[in-house]
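Asker: Sharing a structure, written as structure tokens. Questions coming.
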Amino acid sequence: MRWQFVRYLRYVGSWVAFSLGLSLSQSCLAVDNITILLSEDGPAYTEFSSQLSTVLSQGNSKSTVKVLILSAYKSEDLSRNANNQVLIAVGTPAMTAMAQKPPAMAVLNVLVPRHTFQKIAKQFGRNQDPHHFSAIYFDQPWNRQLGLVRATLPGRNRLGLLLSKDSAEILTGIQLAAKELDIQINVETATDDSELLPALRRLLTNSDSLLALPDAAIYNRNNIPSILLTSYRQKVPLFGFSAAYVKAGALAAVYSSPGQIAQHVAEVIQGLSSNAYLPLPQYPRYFSVNTNTQVSRSLSLEMEDEASLTRKLKSLTERAQ
Amino acid sequence: MHFLALGHILLAEKKHSIPYIHSGIHLSRRAGCVALLFSLLHQAALAGDGEESIFLDDVPVVLSASRLSQPINEAPVAVTIIDRQMIKDSGAWDLSEIFRLVPGMYVAYHADPYFSADSTVAYHGMVTTTTSDRMQVLIDGRSVYASLFGGVNWSDLPIVLDDIERIEVIRGPDSASYGANSYSGVINIITRHPAETQGKTMSMAFGKGRKEGIFRYGGKSGALSYRLTASIREDQGEDDRIKRPTSVFTFWNLNKYDNKTIHNLNLRADYQLNSADTMEFQFGYNGGPREVGEYNNVSAISRRAENHFEMLHWRRALEGGGELSVQAFHTVERVYARLKDSDGISDGDAILRRYDLEVQHTFSPFANARLVWGGSIRYDQTYAPYYLGVGDNQYLYGDFPYHLRRFFGNLEWRARPDLVFNVGGMIENNTYTGTDTTPRFAVNWHVQHGHTLRLSHSRATRSPSVYEKTYDSYWRSAEFYPGLPEMQTERVKSTELGYIGKYGKLDVDFRLFYDDYSQLIDVRNKRSAAGGNLNAGTAIMRGYELQLKAQLTDKTRLIYGLSGGGVKSDNVNGVVYSDSLPKYSHSLMLSHRVNDQWSGSLVAYQVARTKFNSTDYNPRENRGYFIDSNRRLDGKLSYQFKLGGKAAECSVIAQNLADARYFEYRHDNELPGRAVRLNFRLDM
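These protein sequence lines map, in sequence, to chains L and H.
Each number in this note's numbering corresponds to the 1-based position in the first sequence with 5 added.
Each number in this note's numbering corresponds to the 1-based position in the second sequence with 307 added.
Quick look at the structure:
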């Protein structure tokens with residue numbers, strides 16, 4: 006009861022904040038100087054910056070967009086003026102640089118995993134002022150990830166997670182989402198590479214599916230063949246966290262592309278007032294679902310198509326917010 | 308990874324500028340080439356060192372088209388899957404024994420007394436030679452069907468049971484996919500990927516007449532994973548004396564010579580070149596002394612096998628789930644033998660070589676369709692002077708060449724979600740019989756969820772072995788029947804109706820089949836040659852097969868197989884095909900896991916009496932004889948525990964628990980009595 010009440014309050018709160026934001030953005034001068042700081046010029050980063058520029062240019066705002074790359078960046082490049090300014094730090098290196106040497110303007114971090122953002126913000130004491138050092142995470146909220154498991158494999162509610170021993174913080178919040186979706190979470194920890202297969206085999210004995218986590222100590226290209234093959238032999242499908250996983254043999258994945266995050270960022274920017282009071286760190290608003298029908302067929306799993314799974318997840322996420 | 312040095316960044320403060328990045332165009336061409344090559348091999352990171360790279364990186368395509376198995380209700384053929392657990396639970400000692408669990412499979416222990424003391428594994432009986440030459444056998448796509456007599460010498464295969472991931476047995480002809488000799492069925496053995504067999508494992512077995520030691524090491528180094536398995540096996544085979552002989556004559560009181568020592572060494576290495584390409588390398592060796600022969604007939608004074616193979620398999624995952632695969636292998640099967648026969652001491656050496664290259668492309672030509680097509684070339688060279696010395700020749704020297712070219716294709720079209728069509732075929736050209744086409748048409752209809760009907764019609768062939776071809780040349784020589792037409796492939800037209808159903812935790816697989824065999828080869832019988840046709844045999848085989856898999860509880864699994872049917876044949880020239888399919892055969896396996904420590908299984912087999920051809924010399928039978936029905940019971944009990952923190956397992960396995968004495972295939976081939984062995988296994 007109490008939870009529901011709190012959720013209701015949050016719901017109301019977010020609406021109030023949203024409408025307030027809207028009215029503010031209309032009444033005050035909006036942010037119109039946007040600096041994008043890319044960690045590097047890899048395709049994902051440039052996809053983000055070009056998409057953001059495109060979306061902003063389509064909007065009514067008369068913002069200027071400046072794109073910098075970390076390797077060539079000097080703090081003099083940035084304006085000393087905090088008003089009407091926002092810096093979008095793309096990727097962990099850019100975020101770390103901005104956390105270490107804070108610029109005058111507010112920093113919105115993107116393409117960063119949630120636990121990395123929290124770690125860096127804490128490390129450099131930037132977690133005190135989330136409205137000036139915020140993020141749109143790269144990862145998906147638990148209810149969306151577990152919602153995909155639920156929607157794809159109804160009735161198979163034992164979900165296995167394989168973790169390295171230093172990554173327990175990745176799991177923050179999962180139990181709550183699991184409880185809401187009636188999913189039972191089983192966790193196994195592999196301390197080193199030799200422990201990987203034994204831990205995985207233990208996990209497979211009591212799991213109906215596995216969820217890959219952005220834990221590079223486990224989910225790296227050298228381990229993925231072992232994980233995918235071993236789970237496939239046991240007829241236990243794997244859920245990934247990127248489109249590449251689905252191509253590799255995962256059953257499905259929900260993820261946000263850099264372009265989708267750019268869309269979200271553009272909407273955030275358009276909603277900002279001139280003091281660039283950033284919204285709290287949040288998960289990406291837009292996402293895609295990919296499925297591997299060859300794998301589902303091979304495992305004789307009946308599964309809805311990508312479009313209807315995406316629809317289901319959208320309504321699920323909206324309901325939860 | 309940065310291969311392109313970043314130049315300075317030119318970013319004007321233009322309004323809404325699209326980011327323009329001036330990258331290192333000034334890099335030298337050579338550096339560019341190196342970078343390109345390097346990036347081709349290591350398309351590692353699209354993203355940099357940031358922790359977000361895990362969301363952006365390419366991931367190696369692991370479950371590519373050829374690694375994914377087709378669910379049995381979508382396959383155009385009937386398939387029995389034997390997984391690792393089944394192999395373990397069966398308590399099988401020899402690879403050939405596992406096939407007793409396949410409905411319709413006839414297995415006779417160590418039946419061949421002449422070339423190698425190996426088991427006969429024949430789908431749907433109709434065994435006219437001990438080397439079950441009417442079935443194709445592949446290990447990781449590599450054909451191990453031997454050129455000399457056809458069929459497979461099971462103990463000569465460089466493989467250890469524990470390295471097998473699964474076995475897919477295609478029940479019925481499948482020349483459309485696997486070419487000639489996939490005539491009555493196909494056995495597809497798939498070994499475990501090295502990524503699944505990491506670490507050190509040691510296993511030892513001791514039992515009556517049997518000893519074995521296996522050591523396996525699986526390692527990984529970056530994108531390379533590999534496995535090395537070494538084993539030594541001592542097998543005393545059958546008892547020397549027959550306990551319940553059919554005759555008082557000495558000849559019928561003794562089993563064949565079948566002691567063997569098997570040294571195995573296997574290497575498999577898989578290298579992930581980049582996220583799309585993988586290279587697999589395999590090497591295998593199987594060697595050691597092997598006895599053959601029978602008392603007062605041909606037997607080996609000394610005989611040793613030396614076999615090895617090398618295989619390279621490149622796979623590239625394509626967009627949209629497609630795949631390109633190129634596989635090349637080389638096999639050498641060598642026998643060094645000194646034989647004793649009526650002529651005194653003979654040289655029984657033989658060398659069988661095979662070179663094979665296959666290219667296969669899988670892609671989706673249009674929506675809801677998948678096309679697999681490709682081609683292969685093969686060259687076999689057979690040297691076996693003693694065995695090819697047919698008729699009065701004691702030896703026929705020479706390396707006999709055999710060329711094979713294939714072109715194949717199969718289109719799988721999902722016309723509706725509940726309707727899958729498979730249309731395919733193989734065009735094949737070989738040195739002996741020229742060009743053949745073997746088509747197949749199949750439709751799988753998912754009548755409702757969990758219930759599928761399959762109707763298929765296919766044609767298949769078996770090409771003559773080198774031995775048969777040599778006989779063909781012999782009979783067609785000037786001194787015999789110069790007008791005798793050249794020998795052709797054996798043919799079969801096969802029609803079947805299958806049902807695959809799911810009732811809760813029970814899986815049902817039932818099929819009715821009607822196989823029309825023609826041009827069946829018989830060369831050893833002078834009547835066939837005199838009659839002007841070495842391909843005179845015909846037979847109609849009709850029957851049914853049932854397979855049940857039931858997960859009775861979380862801990863108990865039951866697998867049952869039943870098959871039955873009959874063969875109608877004119878038995879031309881006295882070659883017996885009638886009744887060569889047992890009227891029925893069953894197998895039942897019950898396995899139960901008591902707790903984390905204890906588990907066990909019971910396996911029962913029953914085969915009805917079966918008629919065989921002339922290889923038996925029982926004086927009371929003329930051409931063709933019956934082997935009585937038999938029953939066999941096997942059991943296994945395992946205890947798993949930790950030894951110094953490592954997983955260990957102790958098992959006791961008893962084959963032929965009831966100590967039944969009966970014959971398989973021949974009346975001088977009495978199955979060993981109760982054979983108990985202890986197995987200890989440690990994952991180090």
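Glycine residues also receive a C-beta, built at the ideal position from the N, C-alpha and C atoms.
All values reported here derive from a predicted model rather than from experimental measurement.
1. In chain H, what lies closer than 9 Å to Ala221(L) by C-beta?
2. Taking the alpha carbon of Pro383(H) as the reference point, which residue from Arg661(H), Ala576(H), Arg473(H) and Phe748(H) has its own alpha carbon closest?
3. Going by alpha carbons, who is nearest to Leu978(H) out of Ser491(H), His500(H) and Arg548(H)?
4. Since Leu181(L) meets chain H, which of its residues come closer than 8 Å, beta carbon to beta carbon?
5. Touch check for the segment 250-266 of chain L and the segment 37-44 of chain L: three-plus C-beta pairs under 8 Å?
6. Are the C-beta of Gln579(H) and some C-beta of chain L separated by less than 9 Å?
7. Could one say the Cβ of Thr97(L) lies closer than 9 Å to chain H's Cβ atoms, at least one of them?
8. Report yes if the C-beta distance between Tyr788(H) and Ala836(H) is below 9 Å; otherwise report no.
9. What residue from Lys953(H), Lys856(H), Phe987(H) and Met412(H) has the CA that sits closest to Gly808(H)'s CA?
10. Name the residues in the segment 493-505 of chain H whose C-beta lies less than 8 Å from a C-beta of chain L; which are they?
11. Which residues bound the alpha helix (DSSP H) around Asp648(H)?
12. Return the first residue and the last residue of the alpha helix (DSSP H) that Ser383(L) is part of.
13. Less than 6 Å between C-beta atoms, sequence neighbours within five positions excluded: which residues of the same chain meet that for Ile474(H)?
14. Is there a Cβ from chain L that is less than 9 Å from the Cβ of Val666(H)?
15. When you compare only the Cα positions, how much space is there between Arg968(H) and Asn573(H)?
16. In chain L, which residues lie less than 9 Å from Pro480(H) when you measure between Cβ atoms?
17. Buried or exposed for Val70(L), please, with buried defined as at least 16 other CB atoms from any protein chain shown within 10 angstroms of its CB.
18. Using a beta-carbon distance below 9 Å, is Gly811(H) in contact with chain L?
19. Going residue by residue through the segment 555-601 of chain H, where are the continuous alpha helix (DSSP H) segments of at least 4 residues, counting only ones entirely within it?
20. Give the range of the beta strand (DSSP E) segment to which Arg712(H) is assigned.
21. Determine the DSSP secondary structure at Glu503(H), reduced to helix, strand or coil.
22. Leaving out five residues on either side along the sequence, give the residues of the same chain with a beta carbon under 8 Å from the beta carbon of Thr235(L).
23. Inspect the CB distances between the segment 387-405 of chain H and the segment 879-893 of chain H and report whether three or more fall short of 8 Å.
24. Roughly how many angstroms separate the alpha carbons of Tyr452(H) and Val459(H), rounded to a whole number?
25. With a 10 Å radius around its C-beta and 16 neighbouring C-beta atoms as the bar for buried, classify Glu797(H) as buried or exposed.
26. Cutting at 8 Å between CB atoms, please list the residues of its own chain near Arg611(H), excluding the five before and the five after it.
27. For the beta strand (DSSP E) holding Phe748(H), just list the boundary residues, first then last.
28. Going along chain H in order, which residues have a C-beta closer than 7 Å to the C-beta of Phe246(L)?
29. Drop a sphere of 10 angstroms on the beta-carbon of Tyr704(H), count the other beta-carbons inside from all chains shown, and report buried for 16 or more, exposed for fewer.
30. Whose C-alpha, out of Val273(L), Asp310(L) and Thr298(L), is nearest the C-alpha of Pro114(L)?
31. Output the residue ranges of the alpha helix (DSSP H) runs that lie fully inside the segment 291-323 of chain L and measure 4 residues or longer, sorted by chain position.
32. Which residues in chain H have a C-beta closer than 9 Å to the C-beta of Tyr288(L)? List them in chain order.
33. Which value, in whole angstroms, describes the spacing of the CA atoms of Gly492(H) and Val428(H)?
34. Between the beta-carbon of Asn211(L) and the beta-carbon of Ala257(L), is there less than 9 Å?
35. Using a Cβ cut-off of 9 Å (strictly closer), state whether Leu304(L) contacts chain H.
36. Against chain L, with Cβ distances strictly below 9 Å, would Asp390(H) count as a contact?
Answerer: For this structure:
1. In chain order: Glu358, Ser360 and Ile361.
2. Of Arg661(H), Ala576(H), Arg473(H) and Phe748(H), the residue nearest in Cα terms is Phe748(H).
3. Comparing Cα positions, the closest option is Arg548(H).
4. Simply none; closest approach about 23 Å.
5. With a cut-off of 8 Å, the segment 37-44 of chain L and the segment 250-266 of chain L do not count as touching, because too few Cβ pairs lie within range.
6. Chain L contact via Cβ: present.
7. Contact of Thr97(L) with chain H is assigned, a C-beta pair being separated by under 9 Å.
8. Closer than 9 Å, so yes.
9. When only C-alpha atoms are compared, the closest one is Lys856(H).
10. Answer set for the segment 493-505 of chain H: His500, Ala502, Glu503 and Gln505.
11. That residue, Asp648(H), is in no alpha helix (DSSP H); its beta strand (DSSP E) goes Glu630 to Asp648.
12. Nothing can be reported for residue 383(L): it is not among the residues displayed for chain L, which extend from 6 to 326.
13. In chain order, Ile389 and Ile496 place their CB closer than 6 Å to the CB of Ile474(H), counting only its own chain and leaving out the 5 sequence neighbours on each side.
14. No, because no Cβ of chain L sits closer than 9 Å to the Cβ of Val666(H).
15. Rounded to whole angstroms, the separation of the alpha carbons of Asn573(H) and Arg968(H) is 36 Å.
16. Think of a sphere of 9 Å around the beta carbon of Pro480(H): no beta carbon from chain L falls inside it, the nearest being about 24 Å out.
17. Val70(L) is buried by the Cβ-count criterion.
18. So no, Gly811(H) is outside the interface.
19. Entirely contained in the segment 555-601 of chain H, not one alpha helix (DSSP H) run reaches 4 residues.
20. Here the beta strand (DSSP E) through Arg712(H) covers Phe707 to Arg723.
21. Residue state, collapsed to three classes: helix.
22. If we look at Thr235(L) and ignore the five residues flanking it on each side, its Cβ neighbours are Leu202, Leu205, Arg206 and Leu209.
23. Not touching, per the Cβ criterion.
24. So the alpha carbons of these two residues sit roughly 5 Å apart.
25. Counting Cβ neighbours within 10 Å, Glu797(H) comes out buried, since at least 16 surround it.
26. A distance below 8 Å between beta-carbons, with the five flanking residues on each side excluded, links Arg611(H) to the following residues of its chain, in chain order: Gly594, Gly595, Pro596, Arg597, Val642, Tyr643 and Ala644.
27. Run containing Phe748(H): Gly741 to Gln755, per the beta strand (DSSP E) assignment.
28. Within 7 Å Cβ-Cβ: Phe362.
29. Burial state of Tyr704(H) is exposed, judged by a 10 Å Cβ sphere holding fewer than 16 other Cβ atoms.
30. The residue asked about is misnamed: residue 114(L) is Asn in this sequence, not Pro. If we check each option's Cα against that of Asn114(L), Val273(L) comes out closest.
31. Counting only runs of 4 or more, we get 298-303.
32. Contact of Tyr288(L) with chain H by beta-carbon distance below 9 Å is absent, the smallest such distance being about 13 Å.
33. Looking at the two C-alpha atoms, the distance is approximately 11 Å.
34. Not closer than 9 Å, so no.
35. With its beta carbon less than 9 Å from one in chain H, Leu304(L) belongs to the interface.
36. Put simply, the CB of Asp390(H) is near chain L, with a gap under 9 Å to one of its CB atoms.
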